[in-house]
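Everything on this sheet refers to the single structure shown next.
Numbering (our numbering), first residue to last: 9 to 287.
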């Protein structure tokens, strides 16, 4: 009888170990499949997703979570690739113009006036390149959370008024009237130069599309504890598709808007957000 009693615990322990081993395999096998599918996802295969590996609710939730993460990573890579491709295209154009202008000037001796004209064209393209590079640097810093701001007391009305003074000649040439609508100063704590970038970009866009003889209005006011700046023009507006992408770098509206660099609104939004606001 004693021998039977001694064997029984051993048999029970063996059965328990066997059951635990099978349960462990049932759990680890789906996890192994998840790990294998995850390893197959690479930069060249970002569209791959992890298949359903089990009817277990927790494992299905894990797979959905991982696939959502992979979708976000893919979207980020796609955005980065578009940005690099667009930036390369934008930089290539002024570089090609600059090279062509200089090559033509070097083929034959020219007069001093001809060289002066060539240098003027080259300088224009260099300035265009400098603006593009500065814009890309601003966006890069904003993405990294390193967009520097010198926060001091400023007045949005004063910022808007100075922007109007700078754009007045361009507006007059197109017979467009600029009007500042502000009843009182609008004090803010921020970087006046960066805020001026926002106004300049918005005014630049407005003057590109404003019909001849129309009005572009700048408004600045305090409302519900917020400082509000708005620019209104009588242009054709944006389609739903354009609105969905207008703040992306190098995004452009309709061809009627003219040849902007495509970085203005992206920079303006980054500056607004760095001030704790939005555009």
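Note that the Cβ used here is the ideal one computed from N, Cα and C, for glycine as well. All of these numbers come straight from a predicted model, not from anything done at the bench.
By the Cβ test, the region 164-176 is in contact with the region 195-210, since at least three Cβ pairs between them sit closer than 8 Å. Per the C-alpha coordinates, the member of 179, 258, 197, 116 positioned closest to residue 143 is 258. Under the DSSP definition of a beta bridge, residue 238 partners with 227. Taking the Cβ atoms as the reference, residue 150 lies roughly 4 Å from residue 278, within the contact range of under 8 Å. Under the DSSP assignment, residue 253 falls in the alpha helix (DSSP H) whose first and last residues are 248-253. For residue 175, the enclosing alpha helix (DSSP H) stretches over residues 164-181.
The beta-carbon separation of residue 228 and residue 184, rounded to 19 Å, does not stay under the 8 Å limit for a contact. Taking 8 Å as the cut-off, the Cβ atoms of residue 242 and residue 198 do not count as close. Annotation for residue 186: the continuous beta strand (DSSP E) segment containing it runs 185-189. Taking the C-beta atoms as reference points, residue 200 is found no nearer than 8 Å to residue 165. Restricted to the region 69-148, not a single beta strand (DSSP E) segment is unbroken, complete and at least 3 residues in length. Excluding sequence positions up to five before and after residue 49, its CB lies within less than 7 Å of the CB of 56, 78, all in the same chain and listed in chain order. The C-beta distance from residue 147 to residue 275 rounds to 6 Å, short enough to meet the 8 Å contact threshold. Residue 198: member of the beta strand (DSSP E) spanning 195-198, first to last residue. Nearest to residue 126 by alpha-carbon distance, out of 63, 116, 109, 117, is 109. Taking 8 Å as the cut-off, the beta carbon of residue 239 is found closer than this to the beta carbon of residue 224. Annotation for residue 279: the continuous alpha helix (DSSP H) segment containing it runs 272-282. Taking every protein chain shown into account, the CB of residue 196 has 16 or more other CB atoms within 10 angstroms, so this residue is buried. Its Cα nearest to that of residue 160, the residue 202 stands out among 135, 273, 202.
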